[in-house]
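A.B. asks:
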Amino acid sequence: MEINHYEFEYGEYGQTTGVSINLRGFDVLRFNNISKGTAFTIDERRKLKLSGYLPPRVKTLEEQVQSSLDILDQKETDIEKFIYIRSLYDRNVVLAHAVIASDIPKFMPIIYTPTVGLACQQYSSMFRKANGIHLYPGNIDYAEYILRNYTDKDIGIAVVTDNQGILGIGDQGAGGIPICLGKLMLYTQGAGIAPWHCLPISLDVGTDNKELIDDPNYLGWRHERLLGDDYYAFIEKFVVAFKKIFPKALCQWEDFSKQTAFTVRDKYLKEVISFNDDIQGTGAVALAGIFAAMKIKNEKMTDQVYLINGAGAGGIGIAQQIQVELMEQGLSEADAIARIFTLDSKGVVTSDRDLEDYKQNLAKDPKSMAWLKTPADNTLLNTIKNEKVTVLIGTSGQGGCFTKEIVMAVGENTDQPTILPLSNPTTKAEALPKDIYEWTNGRALVATGSPFDPVVHNGKTYRIGQMNNAFIFPGVGLGIIASGASEVLPVFFSAAAHAMAEFVSEEDLSNGILFPPLAQLKEVSLEVAKRVGAEAIKANVTGNGCAVSSFKHNNDVERLNTLIEKMRWTPEYN
Numbered sequence: 001m002e003i004n005h006y007e008f009e010y011g012e013y014g015q016t017t018g019v020s021i022n023l024r025g026f027d028v029l030r031f032n033n034i035s036k037g038t039a040f041t042i043d044e045r046r047k048l049k050l051s052g053y054l055p056p057r058v059k060t061l062e063e064q065v066q067s068s069l070d071i072l073d074q075k076e077t078d079i080e081k082f083i084y085i086r087s088l089y090d091r092n093v094v095l096a097h098a099v100i101a102s103d104i105p106k107f108m109p110i111i112y113t114p115t116v117g118l119a120c121q122q123y124s125s126m127f128r129k130a131n132g133i134h135l136y137p138g139n140i141d142y143a144e145y146i147l148r149n150y151t152d153k154d155i156g157i158a159v160v161t162d163n164q165g166i167l168g169i170g171d172q173g174a175g176g177i178p179i180c181l182g183k184l185m186l187y188t189q190g191a192g193i194a195p196w197h198c199l200p201i202s203l204d205v206g207t208d209n210k211e212l213i214d215d216p217n218y219l220g221w222r223h224e225r226l227l228g229d230d231y232y233a234f235i236e237k238f239v240v241a242f243k244k245i246f247p248k249a250l251c252q253w254e255d256f257s258k259q260t261a262f263t264v265r266d267k268y269l270k271e272v273i274s275f276n277d278d279i280q281g282t283g284a285v286a287l288a289g290i291f292a293a294m295k296i297k298n299e300k301m302t303d304q305v306y307l308i309n310g311a312g313a314g315g316i317g318i319a320q321q322i323q324v325e326l327m328e329q330g331l332s333e334a335d336a337i338a339r340i341f342t343l344d345s346k347g348v349v350t351s352d353r354d355l356e357d358y359k360q361n362l363a364k365d366p367k368s369m370a371w372l373k374t375p376a377d378n379t380l381l382n383t384i385k386n387e388k389v390t391v392l393i394g395t396s397g398q399g400g401c402f403t404k405e406i407v408m409a410v411g412e413n414t415d416q417p418t419i420l421p422l423s424n425p426t427t428k429a430e431a432l433p434k435d436i437y438e439w440t441n442g443r444a445l446v447a448t449g450s451p452f453d454p455v456v457h458n459g460k461t462y463r464i465g466q467m468n469n470a471f472i473f474p475g476v477g478l479g480i481i482a483s484g485a486s487e488v489l490p491v492f493f494s495a496a497a498h499a500m501a502e503f504v505s506e507e508d509l510s511n512g513i514l515f516p517p518l519a520q521l522k523e524v525s526l527e528v529a530k531r532v533g534a535e536a537i538k539a540n541v542t543g544n545g546c547a548v549s550s551f552k553h554n555n556d557v558e559r560l561n562t563l564i565e566k567m568r569w570t571p572e573y574n
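Structural data, given as structure tokens:
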């Protein structure tokens with residue numbers, strides 16, 4: 001009979017109340033979910049036979065946090081800080097999260113973008129300890145067995161990547177799993193989903209990155225990426241196993257590339273409780289920024305013209321979310337699409353081209369654009385000038401492509417141009433905020449995908465709002481898990497965008513700032529979760545019950561809100 005090394009104890013609302021440890025001696029210190037390190041009390045050391053394994057002094061969690069902060073302050077680079085926090089997490093989950101929670105704005109860029117991009121690129125050389133699950137063609141037939149035997153049994157959410165579309169750096173093979181780790185840390189920090197309810201999964205289907213294939217240290221499956229039927233057969237085997245082992249858990253698809261992202265999301269919408277953050281989360285956070293911009297401009301969304309430069313999963317996700325909202329505000333589908341332009345490397349996406357399926361709905365009839373006479377006319381600048389674009393969004397990964405001429409062209413179409421260079425990491429940003437303010441003499445409304453320092457222009461300091469999906473996906477996940485939603489609906493992301501936009505203060509709006517500070521991540525996530533849960537009840541998709549709690553909300557919004565508030569975990573020792 002299998003004996004569990006430890007088991008968490010839960011209260012009425014699914015909140016973690018304690019842990020039963022079936023190990024003794026040094027083995028206790030091997031498991032990061034239960035180890036307290038030097039914070040084990042004298043009594044705990046006796047009971048768990050830890051006496052002699054630890055130095056005599058007993059530290060409080062607060063003292064441990066301060067010691068860790070002192071060490072971090074001595075690290076010279078963000079990647080060194082990332083490595084330290086990950087190694088701390090591998091030893092002591094509670095302490096690592098307490099360190100991050102001590103200053104979320106400071107540590108967000110380290111545990112997530114932009115530093116996590118470097119961690120993905122250096123994954124094989126940085127590898128120290130296994131985190132999460134790696135599935136590849138050599139073990140995918142045993143996926144059910146592997147998932148069943150994962151240390152943590154009470155999984156509420158998994159972040160799953162096929163490693164192909166990592167941030168702005170592309171195919172990283174097995175190196176994509178730090179993205180999953182980072183996202184799950186934000187689920188915990190923002191939404192309070194306990195770390196032992198979180199599962200990172202890499203679907204290693206090979207890599208077309210020649211540098212990785214040629215690297216003798218590469219740890220992934222050394223093979224060209226699976227394609228076509230072989231690829232989708234692999235995904236199918238994973239989904240079947242995941243659904244069987246974790247039927248109530250949420251599956252977040254992460255960093256799948258272009259058409260694959262849409263195909264996988266759409267195929268399994270009703271098979272597993274799932275969504276794609278690059279498509280839907282990005283769409284929702286961009287929509288929230290546009291809501292804030294419209295408040296500042298005192299204008300309607302239906303009066304704007306939108307251009308998304310970069311027609312990948314994120315760009316099309318934003319375009320789709322804008323379309324849904326425009327239709328919600330009264331436009332017909334045709335009129336909504338007429339106000340949205342998507343551009344890829346060939347210019348405006350037009351219907352006379354051989355297009356991937358996900359681009360087709362928003363493709364323009366070239367005959368409707370009288371200025372488009374030759375392929376040479378199909379440029380970003382010409383589109384802005386001729387279509388009178390007022391909202392310019394960058395998801396292209398082409399650093400610096402929003403030049404002075406481009407930004408000023410948008411400024412000629414509106415008093416307050418909305419310019420959103422969203423590509424990650426910072427080196428891929430389409431324009432620097434300081435340049436945008438200079439080129440528009442401070443008229444532009446700016447938000448970025450990566451963190452930027454405040455900008456001083458004409459004696460005024462502008463905090464740069466970060467259009468970070470972390471404001472969206474943790475709360476969406478918590479709302480889904482708490483409500484027991486059996487599927488993820490598009491309305492969840494509209495609700496999340498509205499909730500988030502309400503957190504931009506009047507003072508920030510008066511200063512042209514589109515997003516709340518990252519310090520409000522927990523508050524935003526809580527409200528997003530409540531709005532999403534309410535939409536799940538309204539849509540009558542709450543039949544499965546909460547994934548990590550036996551509490552019955554009975555489709556009562558107030559009871560559900562109580563559950564959402566009380567089930568959240570904070571980094572404190574049991």
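Residue 1 is where the sequence shown starts when you use the numbering used here, and the numbers rise one by one after that. From the three backbone atoms N, C-alpha and C, an ideal C-beta is built for every residue, glycine too.
Based on the DSSP output, what are the partners of C198 in its beta bridges?
C.D. replies: By one-based count along the sequence shown, residue 198 stands at place 198. According to DSSP, C198 bridges with I157.
A.B. asks: Over the uninterrupted alpha helix (DSSP H) stretch that includes L135, give me the two end residues.
C.D. replies: Position 135 of the sequence shown, counted from the start, is the residue given in the question as residue 135. Element bounds for L135: not the alpha helix (DSSP H) but the beta strand (DSSP E), I133 to L135.
A.B. asks: Can you grab the Cα-Cα spacing for the pair A454 / L445, in whole Å?
C.D. replies: If you number the sequence shown from 1, residue 454 lands on position 454. If you number the sequence shown from 1, residue 445 lands on position 445. A small fix is needed here, since residue 454 is Pro in this sequence, not Ala. Each residue's alpha carbon lies about 14 Å from the other.
A.B. asks: Do T448 and P421 come within 7 Å of each other at the CB atom, strictly closer than that value?
C.D. replies: For the purposes of this step, residue 421 is taken as residue 421 along the sequence shown, with counting starting at 1. For the purposes of this step, residue 448 is taken as residue 448 along the sequence shown, with counting starting at 1. In this structure, T448 lies closer than 7 Å to P421 by Cβ.
A.B. asks: Should L381 go down as buried or exposed, given a rule of 16 or more other Cβ atoms within 10 Å for buried?
C.D. replies: For the purposes of this step, residue 381 is identified with residue 381 of the sequence shown, where counting begins at 1. L381 is exposed by the Cβ-count criterion.
A.B. asks: Name the DSSP beta bridge partners of W253, please?
C.D. replies: Stepping through the sequence shown from its first residue, residue 253 is reached at position 253. W253 pairs with V160 and N276.
A.B. asks: Counting pairs of beta carbons, one from the region 182-191 and one from the region 97-110, are three or more of them closer than 8 Å?
C.D. replies: A contact exists between the region 182-191 and the region 97-110.
A.B. asks: A482 to A470, Cα distance in whole Å?
C.D. replies: As a working mapping, residue 482 is identified with position 482 in the sequence shown. As a working mapping, residue 470 is identified with position 470 in the sequence shown. Approximately 18 Å between the Cα atoms of the pair.
A.B. asks: Tell me whether R128 is buried or exposed, calling it buried when 16 or more other Cβ atoms sit within 10 Å of its Cβ.
C.D. replies: Indexing the sequence shown from 1 puts residue 128 at position 128. Exposed is the call here.
A.B. asks: Using the Cα positions of Q74 and E535, report the straight-line distance between them to the nearest angstrom.
C.D. replies: The count along the sequence shown starts at 1 and reaches residue 74 at position 74. The count along the sequence shown starts at 1 and reaches residue 535 at position 535. Taking the straight line joining both Cα atoms gives about 47 Å.
A.B. asks: Once the 5 residues before and after L287 are set aside, which same chain residues still bring their CB inside 7 Å of it?
C.D. replies: As a position in the sequence shown, residue 287 is number 287, starting the count at 1. Around L287: Q321, I322, E325 and A497.
A.B. asks: Excluding the 5 residues preceding and the 5 following M126 in the sequence, name in chain order all residues of the same chain whose CB lies nearer than 7 Å to its CB.
C.D. replies: For the purposes of this step, residue 126 is taken as residue 126 along the sequence shown, with counting starting at 1. Closer than 7 Å at Cβ, skipping near neighbours: I83 and A119.
A.B. asks: Are R57 and S51 touching if we call contact CB-CB under 7 Å?
C.D. replies: Sequence index remark: in the sequence shown, residue 57 carries index 57 (1-based). Sequence index remark: in the sequence shown, residue 51 carries index 51 (1-based). No, Cβ-Cβ distance for R57 and S51 is not below 7 Å.
A.B. asks: Does D73 come out as helix, strand or coil in the three-state DSSP assignment?
C.D. replies: Residue numbering aside, residue 73 sits at position 73 when the sequence shown is read from its first letter. Reduced to three states, the DSSP call for D73 is helix.
A.B. asks: Hey, out of N22, T461 and M301, whose CA is closest to Y6's CA?
C.D. replies: In the sequence shown, counting from the first residue as 1, residue 6 sits at position 6. The option with the nearest alpha carbon to Y6 is N22.
A.B. asks: Can you tell me where the alpha helix (DSSP H) holding E565 begins and where it ends?
C.D. replies: Numbered from its first residue, the sequence shown carries residue 565 at position 565. That run of the alpha helix (DSSP H) goes V557 to M567.
A.B. asks: Candidates E527, N554, N540 and G543: which alpha carbon is nearest G192's?
C.D. replies: Looking up residue 192 in the sequence shown gives position 192. Checked all of E527, N554, N540 and G543; the closest Cα to G192 is E527.
A.B. asks: Report the CB separation of N424 from G117 in whole angstroms; it is logged as a contact under 8 Å.
C.D. replies: The residue you call residue 424 lines up with position 424 of the sequence shown. The residue you call residue 117 lines up with position 117 of the sequence shown. Right, the Cβ-Cβ distance comes to about 7 Å (below 8 Å), so this counts as a contact.
A.B. asks: Contact between the region 299-308 and the region 508-520 is defined here as three or more beta-carbon pairs at a separation below 8 Å; is this criterion met?
C.D. replies: Cβ pair count under 8 Å is below three, so no.
A.B. asks: Please classify M1: is it buried, with 16 or more other beta-carbons within 10 angstroms of its beta-carbon, or exposed?
C.D. replies: Within the sequence shown, numbered from 1, the residue matching residue 1 stands at position 1. With a pLDDT of 42 at M1, under the threshold of 50, the modelled position of this residue cannot be trusted; read the value that follows with caution. With fewer than 16 other Cβ atoms within 10 Å, it is exposed.
A.B. asks: Using a Cβ-Cβ cutoff of less than 8 Å, which residues in the same chain neighbour T383 once the five nearest sequence positions on both sides are dropped?
C.D. replies: Numbered from 1 along the sequence shown, position 383 holds the residue referred to as residue 383. Correct list, in chain order: L307, F341, L343, G347, V348 and V389.
A.B. asks: Taking the alpha-carbon positions, what's the G11 to R443 distance?
C.D. replies: As a working mapping, residue 11 is identified with position 11 in the sequence shown. As a working mapping, residue 443 is identified with position 443 in the sequence shown. G11 and R443: Cα-Cα distance of roughly 52 Å.
A.B. asks: Quick one: grab the DSSP three-state call for D335.
C.D. replies: Start at 1 with the first residue of the sequence shown, and residue 335 comes out as number 335. Helix.
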